[in-house]
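Numbering (the working numbering), first residue to last: 4 to 209.
The beta-carbon is built from N, C-alpha and C at its ideal position, and this holds for glycine as well.
Comments concern the structure below.
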């Protein structure tokens, strides 16, 4: 998959605001501060398309990014800890749950997990939700640049073991927003569910 054009379109805070154009969607989901916005910037090949922050809970909407004028990436608010009132955080999670289970245009999900640690309880809660939603999904292990060469395969192995304990066999991609590792693997995986994407133009010789 080659991204010819990607742009922020809108932020959604209520079900009735969701787009009605029928474009297929892939959701980026994970716990707070796992690196969803950074991953979107990496996929887009742009530094500041999605705003990043060290403060958990910075993303407070379902942020829609239009890709190639034919599909969407959707950055969801993070699960777990965030510096906002509990009621506000619960409202996000209710919207996320409904979106993942009921959104007809949603074709697949990308679950981000911090590659430096084994999957946490909040990660496994999202796994359970994705199973309920009956969606195809992939795990992307973020921040692999903070792991040594020996630690990277161990991170993938322990994540697969955690999935096997749940009776699951799901693709696992190791990535880093700093080194761009894993970018093409993520794009190739998403292409199966987003449908048409333009081919990268070939350079012409004089």
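Only residues of its own chain outside the window of five on either side were considered, and among them 80 have a CB closer than 6 Å to the CB of residue 95, listed in chain order. DSSP places residue 142 inside the beta strand (DSSP E), whose first and last residues are 140-145. For residue 194, DSSP assigns no beta-bridge partner whatsoever.
DSSP, read as helix, strand or coil, puts residue 23 in coil.
Residue 156 counts as exposed, since fewer than 16 other C-beta atoms from the protein chains shown sit within 10 angstroms of its C-beta. In the structure shown, the three-state DSSP call for residue 173 is coil. When secondary structure is reduced to three states using DSSP, residue 37 falls in the coil class, being assigned neither helix nor strand. Of the residues 151, 8, 43, the one whose Cα lies closest to the Cα of residue 33 is 43. Contact check for residue 180 against residue 118 fails: the beta carbons are separated by 8 Å or more.
Shown here, residue 123 sits in coil according to DSSP, grouped into three states, outside any helix or strand.
Residues of the same chain with a CB within less than 6 Å of the CB of residue 8, apart from the 5 flanking positions on each side, are 71 in chain order.
Here residue 173 is actually not in contact with residue 143; their C-beta atoms are around 11 Å apart, not less than 8 Å. If you draw a 10 Å sphere on the C-beta of residue 36, you find 16 or more other C-beta atoms in it, and that means buried. Within 10 angstroms of the beta-carbon of residue 164 lie fewer than 16 other beta-carbons, which makes it exposed.
Scanning its chain for C-beta atoms nearer than 7 Å, with the 5 sequence neighbours on each side dropped, one finds no residue around residue 127.
In the three-state reduction of the DSSP assignment, residue 154 falls in the helix class. Secondary structure at residue 66: strand, using DSSP grouped into helix, strand and coil.
DSSP places residue 75 inside the beta strand (DSSP E), whose first and last residues are 74-78.
Contact between residue 38 and residue 115 holds, since their C-beta atoms are separated by about 6 Å, short of 8 Å. In the three-state DSSP reduction, residue 188 falls in the helix class (H, G or I).
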